[in-house]
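Which chain is which? The protein sequence lines are A and B, in order. Be aware that the first sequence starts at 100, since it is given in our numbering, and climbs by one per residue. Be aware that the second sequence starts at 3, since it is given in our numbering, and climbs by one per residue. Note sheet for the following structure.
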Amino acid sequence: MMPYAFIIAWLLPLVGFVVLVFRGRRIGEPRSGYLAAGLMLTAAAISLVGATRWVIGHPASLNVSTPWLRLGSQWINFGVHIDSLTIVMFTMVTVVASCIFIYSIGYMQGDPRFPRFFTYLSLFGFSMLGLILADSLIGLFIFWELVGLCSYFLIGFWFEKTSASNAAKKAFIVNRVGDCLFLIGIATMLGTTGVVSLESVFNQVRQGAFAGHGGLLTFAGICLFFGAVGKSAQFPLHVWLPDAMEGPTPVSALIHAATMVAAGVYLVGRIFPLLTPTALLFVAYIGAITLIGSALIAIVMTDIKRVLAYSTISQLGYMILALGVGGWAAGLFHLITHACFKALLFLGSGSVIHGCHGEQDIRKMGQLHRKMPITSITFLIATLAIAGVPLLSGFYSKDAILASALGFTWTHRVHGLLFILPAVAAAITAFYMLRLYLLTFWTQARDEHVHHHAHESPKVMWVPLAVLAVLTVFIGWGGKMPERHSLGEGRYQYEGGRGLVGLIAEAQPQWAVSWQMQEAGHPSVSDVSREEADAEAAHEEHGFHLMAMAIATSAMLAGVLMAWLVYSKELISAGKATQVLAPVHKLLWNKFYFDELYRATFVAGILLLASFGKWFDRVVLDGLADGSARWMARLAFFSGLTLDNRGVDGLVNGAARLALVGGNLVRKAQTGRVRNYILALTTGGAVIVLVFVWIW
Amino acid sequence: MNSWLLTSIIFVPLLGMGTVLVVPPHLIRRTALLFTLLAFLLSLGILPHFLGTPIQVFGADYQNGFKLVDRLPWIHSGGFAIDYMVGVDGIGFPLVLLTTVICLLACIASWNITKSPRGYFALFLLLETGLLGVFTALDFFLFYVFWELTLLPMYFLIGIWGGPRREYAAIKFFLYTLLGSVLMLIVMLWFFFASNDQGAHTFNLIRLTTPGVLPAFATHKAMWIACFTMLYIAFAVKIPVFPFHTWLPDAHVEAPTPISMILAGLLLKMGGYGLLRISYPILPHAAAVQAVAWTLGILGVINIIYGALCALAQTDFKKLVAYSSISHMGFVLLGIALLTQAGFQGAMFQMIAHGITSAAMFFLVGVIYDRVHHRDIPRLGGLAVQMPIYTGLAILGFFAAMGLPGLCGFIGEIYVLLGSWQAQVLGPVGAKVLTVIAAVSVVLTAGYILWSVQRVFLGAAKPEYEGVPEISGREILVMAPLGALAIALGVLPWQTVFTFVSGTLDHILKLVA
């Protein structure tokens with residue numbers, strides 16, 4: 100029963116899409132919005148009921164699948180896989196999407212393509228939910244591409260603007276780079292294991308499908324991970340996400356903050372058991388580089404949405420890092436909390452933009468708190484949550500990540516950066532988020548015109564803000580990570596988790612190739628010593644948590660204090676700091692010059708190759724063809740007219756005809772002689788063959 | 003024994019040609035439509051013969067997999083034994099259906115042909131007969147006759163109804179194909195005289211695949227390599243494979259829209275079909291030679307990448323689509339070359355998918371050309387504002403070609419890539435290297451498709467295209483079935499294609515292995 104409820108909830112947005120594609124314009128504004136939002140709300144209700152039912156009591160996982168097609172001799176099933184992570188993700192997506200759909204009815208009011216907007220949103224809802232339910236790498240890939248397609252449409256929603264269509268194109272192509280590697284990763288997995296459903300792939304790998312090919316497994320893992328690098332905007336494929344802010348703000352909230360970009364993290368979570376220690380280390384470093392780099396850029400950005408975009412990249416980096424250092428539940432927990440507060444931040448920024456009539460530059464804002472109190476308060480809650488203020492959801496998840504990172508670096512001292520970078524970035528996060536909040540809502544109004552006309556948004560927009568704010572506050576409460584008990588050979592079981600994080604952690608893989616490989620490095624341990632080790636690990640983990648909590652909170656306080664001193668008290672002048680650090684500021688302002696670098700290398704290189712291809716085709720290949728035709732014509736005239744134009748037998752005649760036709764390429768069609776010419780050639784060919792056969 | 007179904011499908015268009023030549027002028031178009039529709043409806047009659055389990059349908063081996071065989075003695079004199087023999091198996095049947103569908107849609111797309119419609123539609127129907135004959139002929143001589151029969155109408159259709167450089171393009175097309183035909187002719191006669199079917203020579207394509215019928219070929223490696231090469235060139239010109247492809251962009255640019263649809267959608271398939279019908283089953287030991295697999299595989303990858311790069315550099319919309327055809331047909335060659343089940347299936351699927359998407363794309367380009375009378379991409383732009391329905395359909399067509407999951411282009415590409423990754427014929431690493439290079443096209447294809455979508459449809463509305471009429475009902479009638487097919491094949495690839503083709507393809511692969 101359960102899986103079918105989720106399948107129905109999954110298909111509801113598809114119904115919305117199909118109806119709106121064909122009847123959207125007739126349904127019109129605002130009814131198309133009601134339709135899409137209504138269907139999404141129904142899906143959310145179904146998934147909430149399903150989730151409640153699940154929490155009360157459930158099996159480890161549910162699978163439903165149907166044969167879809169046969170690849171070679173292997174049947175590929177199209178199926179859904181439901182476990183605790185699926186449930187949590189599904190509920191999060193439907194709830195956040197419902198809020199954003201409703202919000203969009205207000206935000207997109209009066210847009211000439213209002214129904215189209217909800218058409219795309221519905222397709223996105225369907226694709227995203229499909230991605231969560233998919234039970235195989237191929238299924239993941241299919242919906243992976245579909246969410247990318249929706250993202251493309253929605254970034255380019257206002258396609259009259261060149262910047263929007265450029266951003267849409269860039270997003271899709273950069274993602275395709277990741278997808279290309281993703282596809283190679285799938286090919287490697289399929290080629291070696293011969294199966295596609297994740298469950299069976301894990302079984303095959305556990306039984307040693309890659310025995311003796313550890314390098315290939317690492318390669319496959321990194322290739323699969325590159326899919327996530329593209330979608331979750333990790334270094335070096337992060338360049339598309341800031342530009343994606345060209346899309347309408349609800350799109351930024353839903354797709355480019357809360358759900359789709361988190362799909363990369365979700366993918367890494369799903370394929371986690373396949374990642375070798377080397378691959379995991381790669382993952383961790385990519386996450387660390389991303390989170391610090393984008394946090395630094397966020398300090399100098401002045402567009403409200405761009406600050407949030409870089410903040411999103413940075414937070415996704417945290418999640419990727421967490422998975423890389425083995426903090427599976429921590430990373431995915433942060434995914435969920437981040438979805439709530441980042442959606443809230445984006446919707447808040449949308450409310451600000453809406454209230455300020457399209458102004459996005461925070462340098463022109465200020466003192467909006469009085470003008471839009473609800474937006475201001477909800478925005479503040481989200482700001483504090485992302486900064487990591489205790490008792491708010493972001494605090495718990497960030498703390499869990501830092502604890503995992505600390506635990507990892509404790510045993511791998513050479514990789515100390517994997518803890519230092521996220522700790523430093525925690526301070527930077529608090530700083531740039533407070534900067535954003537203070538400049539927007541608190542400090543002196545800097546543009547009289549903008550300030551004068553600013554107004555609070557309508558109810559249809561602020562109610563979703565309030566709902567998300569409530570979620571942001573309490574979603575992390577009462578959580579407890581389960582304790583894990585080693586079963587040997589890289590297998591674990593988990594017990595005693597509580598709250599949201601406990602629920603997520605239930606879906607944690609019970610086996611991973613990296614654990615197996617690590618344990619294989621140690622001599623086999625008895626059950627008694629294993630229990631001792633478990634107890635010791637639990638104790639240590641507790642210690643890491645306390646230490647991480649202390650460090651994270653101090654970092655947060657440092658960042659908040661700094662922002663307060665600079666932007667509220669103005670004890671330190673931001674302008675002067677910019678002057679003193681001019682080269683650094685310039686580097687950050689230009690986002691480390693990645694766009695320029697890629698344009699100068701990859702884009703220019705490919706275009707150069709392309710024009711070379713065009714030239715080669717036109718000049719070399721066509722030149723050869725036309726040239727040989729001309730040459731044949733000359734030969735024909737020579738042999739036909741100069742040598743002998745009387746006693747011509749069929750063979751020579753044929754050659755001459757061929758040449759004549761060729762010679763007249765640019766003049767006129769010799770249509771009437773084609774039949775003779777075939778006849779001659781046919782006879783000629785036959786003679787050659789008969790001679791051949793006779794000789795043999 | 004003979005059911006005459008295939009024969010009637012093949013010759014209904016020819017009958018239509020005769021009728022078109024005599025009906026009064028105002029009935030020409032409707033007559034042509036009637037006969038293409040009739041051919042399509044008749045071809046649906048093949049479908050029931052291919053339902054059921056593969057074993058029943060395709061027999062235990064390749065030679066028993068043919069259905070609806072019609073056989074009549076044709077020329078039996080002077081030592082020749084030529085039969086009129088047609089029949090379909092898993093690879094012929096989908097292409098027959100594709101032919102009748104695309105021809106029907108192309109006929110609707112031809113509605114606005116005003117220059118001597120009588121000649122146009124007569125040649126058009128003759129072309130359809132030729133195509134149907136190629137995809138059904140089971141006698142090499144008959145195959146050759148139909149093969150040549152497609153050449154003449156196409157030559158005139160491009161040369162008379164084409165664009166400004168039509169004569170150059172038509173002759174180029176003709177000469178290139180003829181070069182291939184001559185080589186095929188040599189191989190055909192060679193096979194005939196070398197064959198020994200119970201003491202007699204034979205042109206029968208099924209008999210020729212039976213072990214022992216070509217005794218000399220079993221021992222002379224040089225002989226089968228030579229024949230394979232000549233046949234390969236004949237088919238490579240059609241597919242078309244680098245470096246024999248340069249006729250294609252010219253032919254497409256000059257050909258009228260419906261003829262481009264047929265050219266890309268069907269004529270190119272003759273090459274891939276020829277490889278699967280003649281080269282591989284008759285010369286299986288040649289196909290299994292590692293050097294042959296390397297050569298074909300590398301050429302396939304060159305096609306894929308080179309075609310995509312050339313497409314990226316084009317500014318003529320139709321030429322861009324033509325180069326995209328070259329790139330997509332590279333997947334067919336790569337899939338066949340590396341001799342895996344998945345690769346074969348992917349190649350066959352790609353042929354059908356490309357038949358749908360390329361016909362759609364050429365039609366879409368034609369729709370714009372009819373309205374603005376040029377195809378210069380940089381001068382276009384903002385059409386999404388003026389023509390939203392058209393833009394929606396166009397995006398469907400282009401994204402299907404780009405290989406978006408859920409649409410038909412994806413399945414063929416991913417099958418070929420996954421199949422070639424597993425290929426054993428090139429040793430443990432060779433096939434993987436080719437696959438990785440081919441996979442780069444995923445990015446390049448997105449590059450040229452999205453870039454052209456942006457330059458043609460997106461951006462602010464341009465004043466010069468103010469009042470451009472939206473896509474008409476007739477044009478939707480052409481595009482909607484193609485779009486629906488693209489979705490149906492993408493979502494249910496097994497039920498729509500693989501279930502029909504995989505039995506035969508497995509048999510061919512078994513012959514090679």
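Where is the CB? At the ideal position from N, CA and C, for every residue including glycine.
Going by the beta-carbon positions, is the gap between isoleucine 439 (chain B) and isoleucine 338 (chain B) smaller than 9 Å?
-> no
Rounded C-beta distance between alanine 41 (chain B) and threonine 102 (chain B)? I'm assuming under 8 Å.
-> 5 Å
Find out if the Cβ-Cβ distance for the pair methionine 580 (chain A), alanine 649 (chain A) is shorter than 9 Å.
-> no
Chain A contacts from the region 485 to 510 of chain B (Cβ-Cβ distance under 8 Å) = Pro495, Trp496, Phe500 and Ser504
Candidates B:Phe95, B:Val88, B:Gly54 and B:Ala463: closest to methionine 350 (chain B) by CA position | B:Phe95
Environment of histidine 356 (chain B) [buried if 16+ CB atoms lie within 10 Å] = buried
Please work out which residues of its chain come closer than 8 Å, Cβ to Cβ, to tryptophan 243 (chain A), disregarding the five sequence neighbours upstream and downstream, and give them in chain order.
-> Leu230, Asp278, Phe281, Gly326, Lys330, Ala362 and Leu366
By Cβ distance below 6 Å, which residues in the same chain neighbour glycine 461 (chain B) in space, the five residues on each side in sequence not counted?
-> Gly383 and Gly384
Rounded C-alpha distance that separates leucine 184 (chain A) from serine 221 (chain A) = 23 Å
State buried or exposed for asparagine 689 (chain A), treating a residue as buried only when at least 16 other CB atoms are found within 10 Å of its CB.
-> exposed
Span of the alpha helix (DSSP H) around glutamine 592 (chain A) = Careful: glutamine 592 (chain A) lies outside any alpha helix (DSSP H), inside the beta strand (DSSP E) at 590 to 594.
Does the distance from the CB of alanine 604 (chain A) to the CB of tyrosine 593 (chain A) come in under 9 Å?
-> yes
List, in order along the chain, the chain A residues whose C-beta lies closer than 8 Å to that of tyrosine 417 (chain B)?
-> Leu170
If we call anything under 9 Å between Cβ atoms a contact, is alanine 108 (chain B) one with alanine 295 (chain B)?
-> no
Short Cβ contact (9 Å threshold) for tyrosine 122 (chain B) with methionine 190 (chain B) = no
Does the count of Cβ pairs from the region 284 to 301 of chain B and the region 404 to 413 of chain B closer than 8 Å reach three?
-> no
Does the beta carbon of proline 166 (chain A) come closer than 9 Å to any beta carbon on chain B?
-> yes
Check whether the Cβ atoms of proline 608 (chain A) and phenylalanine 381 (chain A) sit closer than 9 Å, and answer yes or no.
-> no
Cross-strand partners of threonine 165 (chain A) (DSSP beta bridge) | A:Phe177
Could you tell me which of A:Cys198, A:Leu415, A:Ser393 and A:Lys713 sits nearest to leucine 687 (chain A), measuring between CA atoms?
-> A:Ser393
Give me whichever residues DSSP pairs with lysine 579 (chain A) in a beta bridge.
-> A:Arg597
So, does the CB of valine 514 (chain B) fall closer than 9 Å to a CB anywhere in chain A?
-> no
Taking the Cβ atom as the reference point for each residue, do leucine 467 (chain A) and glycine 368 (chain A) lie within a distance shorter than 9 Å?
-> no
Looking at the structure shown, is asparagine 114 (chain B) part of a helix, part of a strand, or coil, going by DSSP?
-> helix
Aspartate 91 (chain B) burial status per 10 Å Cβ neighbour count (16 or more: buried) | buried
With a threshold of 16 other CB atoms inside 10 Å of the CB of glutamine 316 (chain B), please say whether the residue is buried or exposed.
-> buried
Count the other CB atoms within 10 Å of the CB of glutamate 169 (chain B); is the residue buried (16 or more) or exposed (fewer)?
-> buried
How big is the Cα-Cα spacing for alanine 425 (chain B) and serine 503 (chain A)?
-> 42 Å
Which residues in the same chain as glutamine 352 (chain B) place their Cβ atom closer than 6 Å to its Cβ, once the five residues preceding and following it in sequence are excluded?
-> Phe333, Val334 and Gly414
Secondary structure at valine 747 (chain A), three-state DSSP: helix, strand or coil?
-> In this prediction, valine 747 (chain A) scores a pLDDT of 47, lower than 50, which makes its location untrustworthy; the coordinate-derived value is nonetheless stated afterwards. Looking at valine 747 (chain A) - three-state DSSP - the assignment turns out to be coil, as it is neither helix nor strand.
For the alpha helix (DSSP H) holding lysine 320 (chain B), just list the boundary residues, first then last.
-> 319 to 339
Would you please verify whether the beta carbon of glycine 89 (chain B) is less than 9 Å from any beta carbon of chain A?
-> no
Hey, how far is the Cα of leucine 140 (chain A) from the Cα of serine 197 (chain A)?
-> 5 Å
Per-residue DSSP class, three states only, for serine 672 (chain A) = coil
Pull up the DSSP beta-bridge partners for serine 10 (chain B), would you.
-> DSSP, once it has assigned bridges, lists no residue as partnering serine 10 (chain B).
Start and end of the alpha helix (DSSP H) containing methionine 87 (chain B)?
-> It is not in any alpha helix (DSSP H) - methionine 87 (chain B) instead sits in the beta strand (DSSP E) that spans 84 to 90.
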